[in-house]
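In terms of my numbering, the sequence shown is residues 12 to 278. Down below is the structure, laid out as structure tokens.
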Amino acid sequence: MSQTAETAALIRARAGDAPVRLGLILGSGLGHLAGAVDGPAIPYADLPGFPHAGVSGHDPHLHIGMLGGARVAVFGAREHYYENGNAAAMRGALEVLRELGARELIVTNAAGSLRPDIRPGDLMLLSDHINYNGRNPLIGEKTDARFVPMTDAHSPALRAALKAAAAAEGIALPEGVYCWYSGPSFETPAEIRMLKLLGGDAVGMSTVPEVILARFLGLEVAAISTITNMAAGMSDENISHAHTKAMAPLGAAKLERILRHFLQSRI
Ligand code: HPA
């Protein structure tokens, strides 16, 4: 048995056999959404192939169960590229997600805004991204499947459904382009001015490798940023990880309403 099949079997033994509809990766400070899942929380440490995430503000458990009427797998933590320099750190976990039956993935993150009209506490739906880091999780993959097309990588169908859910909940969900910067240091004001020139609307340290991996694995994917701060040089506020964790819950409540509505509409 492959490691993916083994880990999936382990999860089924603890969480039941019913197929998972959708995966959800939670970003910094968004962990309380995991508590809304009606089902077991399995430590990543028990799951071969899963990352050993160690960033504060992240909960390294896989939560499997019902949320908004759909059976979901919620990843309480991700391994970021900046932790170990591994862009493919989430590959094993996403392979297991597919093995469990999911065909859709929603990725969330905390991000800094490059747009004056998108403020801390707001959400942004990713219309597209810029892999400014340049690293790619498929480097080293030997099959021709590595040549993944990235046009419409952010699923138009999932985005339309998320926008409809946001509108029904009366929550603004503007779309924009997310830039992946490796971190863990934040950007300089000059780098932010550059990213604006390049067409970026938000900046963060995650998500892009997961979107690439999802497309490689044939999953439909969409991503939402919780804006925790204006990017470097755009306001007087301090940019820090503590600030990110403190601000993320502002957007998290809105995110939870959107996701519940979205899941109800897709049963
Ligand atoms: N830059 C990068 N990552 C982030 C930011 C930021 O300003 N805010 C939250 N995550």
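Heads up, the beta-carbon is just placed ideally off N, CA and C, and yes, glycines get one too.
Original post:
Around the C-beta of Ile117, are 16 or more other C-beta atoms found within 10 angstroms, so that it is buried, or is it exposed?
Top reply: So Ile117 ends up on the buried side.
Original post:
Does the beta carbon of Ala263 fall short of 6 Å from some heavy atom of the ligand HPA?
Top reply: No, Cβ of Ala263 sits at least 6 Å from all heavy atoms of the ligand HPA.
Original post:
Taking just the CA atoms, how far does Leu111 sit from Ala26?
Top reply: Between Ala26 and Leu111, the C-alpha separation is close to 11 Å.
**OP:** Would you tell me roughly how many angstroms separate the C-alpha atoms of Leu108 and Leu134, rounded to the nearest one?
**Re:** Distance from the CA of Leu108 to the CA of Leu134, rounded to the nearest whole angstrom, comes to 25 Å.
Subject >> Spatially closest choice to Met205 from Tyr192, Arg32, His91 and Ser217, by CA coordinates >> reply: Among Tyr192, Arg32, His91 and Ser217, the Cα nearest to that of Met205 belongs to Tyr192.
Original post:
Should Ser39 be labelled buried (16 or more other beta-carbon atoms within 10 Å of its own) or exposed?
Top reply: When all chains shown are included, Ser39 counts as buried.
Original post:
the ligand HPA heavy atoms versus the CB of Thr119: any closer than 6 Å?
Top reply: Not so, every heavy atom of the ligand HPA lies at least 6 Å from the Cβ.
Original post:
Under the criterion of a Cβ to heavy atom distance below 6 Å, does Asn240 qualify as lining the ligand HPA?
Top reply: Result yes, Cβ under 6 Å from the ligand HPA.
Original post:
So, is Pro220 buried or exposed, given that buried needs 16 or more other C-beta atoms within 10 angstroms?
Top reply: Buried: at least 16 other Cβ atoms inside 10 Å.
Subject >> Beta-carbon proximity list for Gly228, same chain, < 7 Å, skipping 5 on both sides >> reply: Checking the displayed sequence, the identity of residue 228 turns out to be Leu instead of Gly. By the criterion of a C-beta distance shorter than 7 Å, Leu228 is surrounded in its chain by Leu105, Glu106 and Arg109, once the five residues flanking it on both sides are discounted.
Original post:
CB of Met258 to nearest heavy atom of the ligand HPA: below 6 Å?
Top reply: Outside the cutoff, so no.
Subject >> Under the three-state DSSP convention, the category Gly40 falls into >> reply: It is coil, neither helix nor strand.
Original post:
Taking buried to mean at least 16 other C-beta atoms within 10 Å of its own C-beta, is Leu209 buried or exposed?
Top reply: Classification for Leu209: exposed.
Original post:
What is the DSSP secondary structure of Glu90, reduced to helix, strand or coil?
Top reply: It is coil, neither helix nor strand.
Original post:
Does any heavy atom of the ligand HPA sit closer than 6 Å to the C-beta of Met135?
Top reply: Taking 6 Å as the cut-off, one finds no heavy atom of the ligand HPA near enough to the beta carbon of Met135.
Subject >> Pair within 7 Å by beta-carbon distance, Thr237 and Gly262 >> reply: Yes.
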